[in-house]
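What follows is a short report on a single structure.
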Amino acid sequence: MPAYAPESSDIGGRRQLGIAAGFVVLAILVSALPAPVQNTIAAGIRATFLRPFILTQEALTAARIRAIETEALQERVDSLLAVLTNQSMVVRENAELRATLGLRNRLGAEYRAADVVRPGTSGSESMFVVSLGERDGVQLNAPVLDHRGLVGVIREVRPTTAIGIDWTHPDFRASAMAWGIDAFGLLEPSREAFREADRLLLNGAPYNTELPEGTRILTSGLGGVYPRGIPIGVVRGTAEEEAGWRRSYWVEPSVHPGAVTHVLVRTNQLGGTDLTEYWDDQGRLIPITVDGDTVSGAGGGPATGPAGDAPGGAGDSTGGPGGTG
Amino acid sequence: MRKFVGLWGVVTLLVLLHFLLHVGFGIDRGAPDLLTVALLLAAREVTAGTAAGMGFFFGLLEDAFSVLAFGANTLAMTVIGALGAVTRDFFVGESWMFHFLYLVLGKWLRDALFWVLAGPEVRGPAVRTLLVQAPLAAVYAAAVGLVLLILSQVWRGAEA
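Line order of the protein sequences matches chains A and B.
Heads up: the first sequence runs through residues 63 to 387, numbered per my numbering.
Heads up: the second sequence runs through residues 230 to 389, numbered per my numbering.
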């Protein structure tokens, strides 16, 4: 073990303390920089020093996807189906990937499939990096979704990657509507003691229109960011009432961000597509055919409760309130 | 010369491992905070200015993924680097227990500083963060740091 000695001289020691104090002041200045400048610095560091590590994570994710998509592996999966049924994680991931790709086939070229990676560093909670960027047509505020519903929104676009926030981010907001009931409101995240328990709060719902537990909540399309009809979650009770004029409701989200590995990102912001018809009245992706196989939205979030009892009727894709798209 | 190469080799290895585990492999709290361990180990060997500069650079790297609290890691790591170097003037210890406690306290202080600087939108509840999560993370990081110190000691001892 080395013996530690103090600074060799007072002058040298004072000079070193001065340099250290200078760095502390510099760090305070960095904290106080305007957000665009901070973003530029962060993007520069990500594109240089941290680029190899981001590429590593993208490569690992891509390798996993390739392994799943390989035809030979698919044959082995089929032949080992009985074994794999006990390996729920692999089966579930496969089903989710197929469901996401199936949804993309239906939504068309406007939506592009992407891998999601999470930095996992301090302060990066509620953020994710998608493997598509400006060169792929991704724009600021592009919605991000998977086969279960809305995941989040893109907040920063780089040439080959983009950074998004999921619905747990404090800045997340979405204009929402209740399925089959003429009620609109604004969704915002509600952070709980444990992040796994985070949920959404539907604010501004009309007082005279009560939303029963289990009512499905969809994007309304009113804000111009999210297309109309993307599932967000299910009402799980009244949070607050303000006498005679409005109510707030707890909403259990359809998508748990930590479980998301593959998403769809909208690359064309001009259209006003209504996506209501792609999910059934219980929030499950309507079965479709991909490569000759029928796939559906397995593990489709919280819509396992009484959502089917919600007004609007099963399979009634026009049962929602009239939105503007 | 061998000591110099050993120190910077260990620091570089720890920084690379930190980002490989956290960013490359996407392991969140399952991986120890090797960046802080590297800073604390180096701070005992270099001058206060150099340690603060290292902390500033390491913090900027950590802040690259931080939107809501950009700069909090930078300031916390800069302060920790400077304090780590200054501790040599006050505490001289060679035992494993001293180094373990030094790493535990350093890592806990770094998390506490980040909690204070991060703001209410990012930080968790005070009791759970400062009295449960931060001490556990500090012990975890210190244990890994101690193992590295022992290995470094063995490597240097081979020279003698």
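Idealized CB from N, CA, C, for every residue including glycine.
Given the structure is predicted, the values throughout are model-derived calculations rather than measurements.
Going by the DSSP bridge assignment, what does residue i pair with across the sheet?
| i | result |
| --- | --- |
| A:Ser252 | A:Arg261 |
| A:Pro268 | A:Arg308 |
| A:Thr278 | Residue identity check: residue 278 of chain A is Arg in the sequence provided, not Thr. The partner list for A:Arg278 (beta bridge, DSSP) reads A:Val296. |
| A:Tyr173 | A:Arg328 |
| A:Val313 | A:Leu262, A:Val297 |
| A:Asp336 | A:Arg290 |
| A:Ile227 | A:Met189, A:Val215 |
| A:Glu133 | Answer by DSSP bridge pairing: none, since A:Glu133 is not bridged. |
| A:Ala236 | A:Leu249 |
| A:Glu303 | A:Arg309 |
| A:Val178 | A:Val192 |
If you follow the alpha helix (DSSP H) that residue i is in, where does it begin and where does it stop?
| i | result |
| --- | --- |
| B:His328 | 325–347 |
| A:Ser93 | 72–94 |
| A:Gly242 | Counting along the chain, A:Gly242 falls outside any alpha helix (DSSP H), and DSSP gives it neither H nor E. |
| A:Gly106 | 97–109 |
Since residue i meets chain B, which of its residues come closer than 8 Å, beta carbon to beta carbon?
| i | result |
| --- | --- |
| A:Met189 | Phe294, Val296 |
| A:Pro232 | Leu297, Glu350 |
| A:Leu202 | Simply none; closest approach about 14 Å. |
| A:Leu397 | Lying before the first or after the last residue shown, residue 397 of chain A is absent from chain A, which here runs from 63 to 387. |
| A:Leu159 | Ordered by position in chain B, no residue passes the 8 Å Cβ test against A:Leu159, which lies about 17 Å from the chain. |
| A:Ala129 | Correct list: empty, because the minimum Cβ distance to chain B is about 17 Å. |
Under 7 Å Cβ-Cβ, which residues of chain A neighbour residue i?
| i | result |
| --- | --- |
| B:Phe285 | Phe85, Leu88, Ala89 |
| B:Pro354 | Ala255 |
| B:Ala341 | Ordered by position in chain A, no residue passes the 7 Å Cβ test against B:Ala341, which lies about 13 Å from the chain. |
| B:Val308 | Val86 |
| B:Gly282 | Phe85 |
| B:Ala363 | What B:Ala363 touches in chain A: nothing, since even the nearest Cβ is about 11 Å away. |
Please list, in chain order, the chain B residues whose beta carbon lies closer than 7 Å to that of residue i.
| i | result |
| --- | --- |
| A:Arg180 | Gly255 |
| A:Arg400 | The displayed coordinates of chain A run from 63 to 387. Any statement about residue 400 of chain A would go beyond what the structure contains. |
| A:Ala176 | Residues of chain B passing the Cβ test: none, with the nearest at roughly 16 Å. |
| A:Ile73 | Those within 7 Å of A:Ile73 in chain B number zero; the least Cβ separation is about 13 Å. |
| A:Gln344 | By Cβ distance, chain B contributes nothing, its closest Cβ being about 32 Å from A:Gln344, past 7 Å. |
| A:Leu79 | Ala277 |
| A:Ala236 | Those do not exist, as A:Ala236 stays about 18 Å from chain B at its closest Cβ, beyond 7 Å. |
| A:Ala240 | Near A:Ala240 there are no residues of chain B at all, since even the closest Cβ is about 29 Å away, more than 7 Å. |
Which residues of chain A have a Cβ atom closer than 8 Å to the Cβ of residue i, listed in chain order?
| i | result |
| --- | --- |
| B:Leu304 | Val86, Ala89, Ile90, Val92, Ser93 |
| B:Leu270 | Near B:Leu270 there are no residues of chain A at all, since even the closest Cβ is about 11 Å away, more than 8 Å. |
| B:Leu377 | Within chain A, no residue comes near B:Leu377; the closest Cβ sits about 13 Å away, beyond 8 Å. |
| B:Leu249 | Phe115, Thr118 |
| B:Val252 | Leu112, Phe115, Ile116, Thr118, Gln119, Pro181, Gly182, Thr183 |
| B:Ala267 | Neighbours of B:Ala267 on chain A: none; closest Cβ ~15 Å, over 8 Å. |
| B:Ala367 | The premise fails here: B:Ala367 is roughly 14 Å from chain A at the closest Cβ pair, so nothing lies under 8 Å. |
| B:Ala372 | The premise fails here: B:Ala372 is roughly 17 Å from chain A at the closest Cβ pair, so nothing lies under 8 Å. |
Grab the span of the beta strand (DSSP E) containing residue i for me, first residue to last.
| i | result |
| --- | --- |
| A:Pro205 | 205–208 |
| B:Glu350 | No beta strand (DSSP E) holds B:Glu350; DSSP gives it neither H nor E. |
| A:Asp190 | Looking at the sequence shown, residue 190 of chain A is not Asp but Phe. From DSSP, the beta strand (DSSP E) with A:Phe190 extends over 189–192. |
| A:Ile216 | 211–219 |
Which bits of chain B does residue i rub up against, with CB to CB less than 9 Å?
| i | result |
| --- | --- |
| A:Gly185 | Glu291, Asp292, Phe294, Ser295, Val296, Leu297, Ala298, Phe299, Ala301, Asn302, Phe343, Ala347, Val351 |
| A:Ala104 | Leu289, Asp292, Ala293, Phe294, Ser295, Val296, Phe299 |
In chain A, what lies closer than 9 Å to residue i by C-beta?
| i | result |
| --- | --- |
| B:Gly288 | Ala89, Val92 |
With respect to 6 Å, is the separation between the Cβ of residue i and the closest non-hydrogen atom of the ligand ATP below this value?
| i | result |
| --- | --- |
| A:Leu273 | The ligand ATP is not part of this structure, which contains no ligands at all. |
Using 8 Å as the cut-off, can you tell me whether the segment 76–87 of chain A makes contact with the segment 183–195 of chain A, which would need three or more C-beta pairs spanning the two stretches below that distance?
no
List in chain order: all unbroken alpha helix (DSSP H) runs of 4+ residues lying wholly within the segment 272–320 of chain B.
277–292, 301–319
Is there contact here, the segment 274–284 of chain B with the segment 254–263 of chain B, by at least three beta-carbon pairs under 8 Å?
no
Would the segment 310–320 of chain B count as touching the segment 237–253 of chain B if we require 3 or more Cβ pairs under 8 Å?
no
Cβ contact check for the segment 320–331 of chain A and the segment 173–182 of chain A: 3 or more pairs under 8 Å
yes
Can you confirm whether the segment 281–288 of chain A touches the segment 112–124 of chain A when touching is taken to mean that 3 or more C-beta pairs between the two stretches lie within less than 8 Å?
no
Inter-stretch contact (C-beta, 8 Å, three-pair minimum) for the segment 191–205 of chain A and the segment 219–233 of chain A
yes
Touch test, the segment 154–166 of chain A against the segment 256–275 of chain B, Cβ-Cβ under 8 Å, three pairs minimum:
no
Can you find at least 3 beta carbon pairs, one from the segment 317–335 of chain B and one from the segment 89–102 of chain A, that sit closer than 8 Å?
no
Using a Cβ distance threshold of 8 Å, determine whether the segment 199–208 of chain A contacts the segment 245–265 of chain A, with at least three qualifying pairs required.
no
Check whether the segment 337–344 of chain B and the segment 376–383 of chain B touch, using three or more Cβ-Cβ pairs below 8 Å as the test.
no
At least 3 beta-carbon pairs within less than 8 Å: the segment 288–307 of chain B vs the segment 90–108 of chain A:
yes
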